[in-house]
Amino acid sequence: MIRRMRQVIVAANWKMHTTPADAGELAHTIAARTRESGVIRVLCPPFVCLAAVRDALEAPDVAAPDGQGVAVGAQDVHHEPAGAYTGSISAPMLAGLATWVIVGHSERRRDAGETDELIGRKLLAARASGLRAILCVGEQLEEREGGRAAEVVERQVRECLAGADPGQFGTDGGLPWLTIAYEPVWAIGTGRTARGADAAAMADLIRATLGALGFPARGEEIPVLYGGSVTSGSIGEFLAEPAIDGALVGGASLKPDEMAAIVARAALTATARAGRAAG
Ligand code: PGA
């Protein structure tokens, strides 16, 4: 029996690191060291490094044996296509530079005051321009300690997707238009990770919420990633959970050794899933 299975994804969020002078070389090194079949690799450098990274990833020696190259993603996008928005970058401007985009990262919620409503508009702008979105959700430490983590994440998913047509956010050519990254804020950049079982419970809740919103197959087709201090040492705990489809990696994604080990671990899960789907 062939069952549909979700792709395994490792996305690198370089945040405000690298320059146009060095990003291409780093991207090439990481890409060449992560040539594993079955894993969708996405590198998200700063806007000004997108062109250098795109060019570097055109090299022939970065494709995996299954022919998959490495995709380029932006770290944010404006909700309007054009206008008087000094300093902002719109989705149409990313054409030819990126095919993926992160939206709603907690650092933008914190530093740029992004609300779920605004993030929802960014998702629609991304989709309208053919960008595959990674929507970030996750609770603060006091929300987790107060027993409100599930309520917060469910509300973020509902409100960010309130204006979205679920039929527009399925998969296309095996690739998802929407991926959700569960990133507990207290785990980002702190060296402290969620427990795999807690992240899996949150992934289940996220899919149940997608189902309630009318997503096809009750949200089962939407990949859910874990993010927050993922390293080569912790990736296995998350990928051991069938509900978790990969990782959004920050600090460790700038280190080729770490990325090589993380993607190698992801490939084990991809191979196991492919075997189960075919078996
Ligand atoms: P981190 O960042 O891996 O450095 O914790 C993850 C993220 O913010 O996406």
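The opening residue of the sequence shown carries number 5 in the numbering used here; numbering runs sequentially from there.
Yeah, the Cβ is synthetic: ideal placement off N, Cα and C, and Gly gets one too.
Practice item. With DSSP collapsed to three states, give me the class of V46. Key: strand
Exercise for review: With DSSP collapsed to three states, give me the class of I93.
Suggested key: coil
Exercise for review: Tell me whether the beta-carbon of V74 lies closer than 8 Å to the beta-carbon of R37.
Suggested key: no
Exercise for review: Determine which residues share a DSSP beta bridge with T175 and list them.
Suggested key: P180
Review point. Alpha carbon to alpha carbon, what distance is there between V43 and T23?
Key: 26 Å
Check your understanding: Can you tell me whether DSSP reads R114 as helix, strand or coil?
Key -> helix
Check your understanding: When you compare only the Cα positions, how much space is there between G177 and Q11?
Key -> 11 Å
Point to revise | For H32, the nearest candidate out of K19, P49, M20, K126 (CA to CA) | key: P49
Check your understanding: Within this structure, are the beta carbons of W190 and L145 separated by less than 8 Å?
Key -> yes
Review point. Using the beta-carbon count (16 or more within 10 Å), is P64 buried or exposed?
Key: exposed
**Study point:** Close-in-space but distant-in-sequence residues of the same chain around I34 (CB under 6 Å, 5 per side omitted)
**Key:** P260, M263
Review point. Do you know offhand how far A204's Cα is from R211's?
Key: 11 Å
Exercise for review: Use the C-beta contact count for M20: other C-beta atoms within 10 angstroms, 16 or more gives buried, fewer gives exposed.
Suggested key: exposed
Exercise for review: To the nearest angstrom, report how far apart P170 and K126 are at their CA atoms.
Suggested key: 15 Å
**Study point:** R148 classed as buried or exposed, judged by whether at least 16 other C-beta atoms fall within 10 angstroms
**Key:** buried
Check your understanding: Which class does I13 belong to by DSSP, given the choice of helix, strand or coil?
Key -> strand
Check your understanding: Excluding sequence positions up to five away, which residues of its chain have a Cβ less than 8 Å from the Cβ of A278?
Key -> M9, G42
Review point. Which whole-angstrom value describes the C-beta separation of V76 and A99, a residue pair presumed to lie in contact below a C-beta threshold of 8 Å?
Key: The Cβ separation is near 12 Å, so there is no contact.
**Study point:** heavy atom of the ligand PGA below 7 Å from E187 C-beta
**Key:** yes
Point to revise | Distance between G250 and E158 (C-alpha atoms, nearest Å) | key: 20 Å
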